[in-house]
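Below is one structure, written out as structure tokens, with a few remarks after it.
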Amino acid sequence: MQNINYNKILERIHKEIKGDFGKGKLANYIPALAQIDPNQFAMHITTIEGNEFGIGNFTQAFSIQSISKAYTFTLALKQLDDEIWKRVGKEPSGNTFNSLVQLEYENGIPRNPFINAGAIVISDIIYEGLGKTKNKLLKFIKKLSENPTLIYDEEVAESEREYGDRNRAMANFIKSYENLSNEANDVLDIYFHQCSIAMSTQDLSRSFIYLANKGKSLKNKEILTARQAKRINAVMLTSGLYDAVGDFAYRVGLPAKSGVGGGIVAIIPNELVISVWSPELNSAGNSYIGTKALELFTTYASNSIF
Ligand code: GLN
Numbered sequence: 000m001q002n003i004n005y006n007k008i009l010e011r012i013h014k015e016i017k018g019d020f021g022k023g024k025l026a027n028y029i030p031a032l033a034q035i036d037p038n039q040f041a042m043h044i045t046t047i048e049g050n051e052f053g054i055g056n057f058t059q060a061f062s063i064q065s066i067s068k069a070y071t072f073t074l075a076l077k078q079l080d081d082e083i084w085k086r087v088g089k090e091p092s093g094n095t096f097n098s099l100v101q102l103e104y105e106n107g108i109p110r111n112p113f114i115n116a117g118a119i120v121i122s123d124i125i126y127e128g129l130g131k132t133k134n135k136l137l138k139f140i141k142k143l144s145e146n147p148t149l150i151y152d153e154e155v156a157e158s159e160r161e162y163g164d165r166n167r168a169m170a171n172f173i174k175s176y177e178n179l180s181n182e183a184n185d186v187l188d189i190y191f192h193q194c195s196i197a198m199s200t201q202d203l204s205r206s207f208i209y210l211a212n213k214g215k216s217l218k219n220k221e222i223l224t225a226r227q228a229k230r231i232n233a234v235m236l237t238s239g240l241y242d243a244v245g246d247f248a249y250r251v252g253l254p255a256k257s258g259v260g261g262g263i264v265a266i267i268p269n270e271l272v273i274s275v276w277s278p279e280l281n282s283a284g285n286s287y288i289g290t291k292a293l294e295l296f297t298t299y300a301s302n303s304i305f
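Numbers 0 to 305, taken from numbering that gives the first Met the number 0, label the letters of the sequence shown in order.
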């Protein structure tokens, strides 16, 4: 599978998605995300050998939102390994990403690390383990992506905070079940900031190489053990796209993580990472065009995990 030239496939996808602008909707519950130009598209591939292919605005930074949950989950797994499963589950939720309903039935243990409730618990775990979490998290992602210029977009973080009643309710509810060690507001400050990180599809596909490469980064540094990397892929496959995870597995067939900024990162284990960005979302909160573009990719490249 080495040294395939993906440029032709990316060009073909770019042409085919053009008619689909306008079919999804911008995330409007976070006002800062509702202001961006919806007619944008980028796709970028980094292979485990370090080859790169891109199309569209692949150096344009955008709000990674819930894609950040894969980085924080990585840090928490490094910290606790299998102990992590005492605080969060690993089953798909079958509910929207910001749903509260299961939390009460399940005594404050969120279904998985990729719904908001689960990511809030994960932020609490890394806050316990790391201390200056916002600094360290950003430093970690800068290293992974080899981009020292990455920033928290403070305007987005503030918008999240201002319109974050649901996430605040969730954090406090989890705390009532004693599954949050720190103050809800401190944990939410980390959560809102991690969602606000601005990255390009190029940054994303470079940074997640460790999930395609048995835990090793682009610089061949061990970020996770091969076993831990495999487990993150498993949870991405079953929970990375919220309640659209079945449709995504059916149409695309790759472990992936999405965010309401319109980004999706997908992994082909032992081969490559492919990231896509187009801001308009489908009803599950995943990029409309991004999902279609990844579906076309696995179709034209005749490559998925199945
Ligand atoms: N910041 C968003 C929220 O908390 C992230 C959601 C997402 O990307 N699915 O609602």
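Glycine included, each C-beta is placed from N, C-alpha and C at the ideal position.
Query - Opening and closing residue of the alpha helix (DSSP H) in which Ala116 lies - result: Looking up residue 116 in the sequence shown gives position 117. Its alpha helix (DSSP H) spans residues Asn115 to Leu129.
Query raised in the report: Distance, Cα to Cα, Leu136 vs Leu9?
Result: Counted from its first residue, the sequence shown places residue 136 at position 137. Counted from its first residue, the sequence shown places residue 9 at position 10. Taking the straight line joining both Cα atoms gives about 31 Å.
Query raised in the report: Whose C-beta lies closer than 8 Å to the C-beta of Leu280 among residues of the same chain, with five residues either side of it excluded?
Result: Against the sequence shown, residue 280 aligns to sequence position 281. Excluding sequence neighbours, Leu280 sits near Gly23, Lys24, Leu25, Ala26, Val259, Gly261, Ser286 and Tyr287.
Query raised in the report: At a cut of 8 Å, does the segment 29-41 reach the segment 53-60 through at least three beta carbon pairs?
Result: yes
Query raised in the report: Going by the C-beta, is Asn166 closer than 7 Å to any heavy atom of ligand 1?
Result: Stepping through the sequence shown from its first residue, residue 166 is reached at position 167. Yes, the Cβ of Asn166 comes within 7 Å of a heavy atom of ligand 1.
Requested in this report: From the DSSP output, in three-state form, read off Val47 for me.
Outcome: Position 48 of the sequence shown holds residue 47. Note on identity: in this sequence residue 47 is Ile, with Val being the wrong assignment. Ile47: coil per DSSP, three-state reduction.
Requested in this report: Report the residue from Asn269, Ile266 and Ile173 whose alpha carbon sits nearest the alpha carbon of Val87.
Outcome: Counting from 1 along the sequence shown, the entry for residue 87 is found at position 88. For Val87, the nearest C-alpha among the options comes from Ile173.
Query - Where Leu25 falls: helix, strand or coil (DSSP) - result: The count along the sequence shown starts at 1 and reaches residue 25 at position 26. In the structure shown, Leu25 sits in coil (DSSP, three-state: anything other than H, G, I, E or B).
Query raised in the report: Candidates Arg11, Asn302 and Ser199: which alpha carbon is nearest Ala248's?
Result: The sequence position of residue 248 within the sequence shown is 249, counting from 1. For the residues Arg11, Asn302 and Ser199, the minimum Cα distance to Ala248 belongs to Asn302.
**Report entry** For Lys133, the nearest candidate out of Phe61, Ala300, Ile196 and Asn115 (CA to CA)
**Finding:** Start at 1 with the first residue of the sequence shown, and residue 133 comes out as number 134. Closest by alpha carbon: Ile196.
Report task. With a threshold of 16 other CB atoms inside 10 Å of the CB of Glu159, please say whether the residue is buried or exposed. Result -> Residue numbering aside, residue 159 sits at position 160 when the sequence shown is read from its first letter. So Glu159 ends up on the buried side.
Query raised in the report: Based on Cα-Cα distance, which residue from Ala292, Ile119, Ile29 and Gln227 lies nearest to Gly252?
Result: Mapped onto the sequence shown, residue 252 falls at position 253. Here the closest residue by C-alpha is Ala292.
**Report entry** Nearest candidate by alpha-carbon position, reference Glu221, set Ile231, Arg230 and Leu210
**Finding:** To locate residue 221, count along the sequence shown from 1; it is residue 222. Closest option to Glu221, Cα to Cα, is Leu210.
Requested in this report: Specify, as a first and last residue, the run of the alpha helix (DSSP H) that His135 falls within.
Outcome: As a working mapping, residue 135 is identified with position 136 in the sequence shown. First, the amino acid is wrong: residue 135 is Lys here, not His. Residues Thr132 to Ser144.
Query - Where Ile150 falls, given that 16 or more other Cβ within 10 Å makes a residue buried - result: For this step, residue 150 is matched to residue 151 along the sequence shown. The residue is exposed, with fewer than 16 neighbouring Cβ atoms inside 10 Å.
**Report entry** At least 3 beta-carbon pairs within less than 8 Å: the segment 180-197 vs the segment 90-100
**Finding:** no
Requested in this report: Would you mind sorting Asp322 into buried or exposed? The rule is 16 or more other CB atoms within 10 Å of its CB.
Outcome: Residue numbering for the chain in the displayed model covers 0 to 305; residue 322 lies beyond these limits and cannot be assessed.
Report task. Return yes when the Cβ of Tyr70 is within less than 8 Å of the Cβ of Ile140, no when it is not. Result -> Translated into positions along the sequence shown, residue 140 becomes position 141. Translated into positions along the sequence shown, residue 70 becomes position 71. Cβ atoms of Ile140 and Tyr70: closer than 8 Å.
Requested in this report: State the Cα-Cα distance for the pair Val186 and Asp81, rounded to the nearest angstrom.
Outcome: Along the sequence shown, read from residue 1 onward, the residue named residue 186 stands at position 187. Along the sequence shown, read from residue 1 onward, the residue named residue 81 stands at position 82. Cα-Cα distance, rounded: 22 Å.
Query raised in the report: Regarding Gln64 and ligand 1, is the C-beta to nearest heavy atom distance less than 7 Å?
Result: Taking the first residue of the sequence shown as position 1, residue 64 is located at position 65. True, at least one ligand heavy atom lies under 7 Å from that Cβ.
Report task. Taking Ile47 and Asn212 to be in contact with their CB atoms under 8 Å, please state how far apart those CB atoms are, rounded to whole angstroms. Result -> Stepping through the sequence shown from its first residue, residue 47 is reached at position 48. Stepping through the sequence shown from its first residue, residue 212 is reached at position 213. Contact flag correct, Cβ pair sits at about 4 Å.
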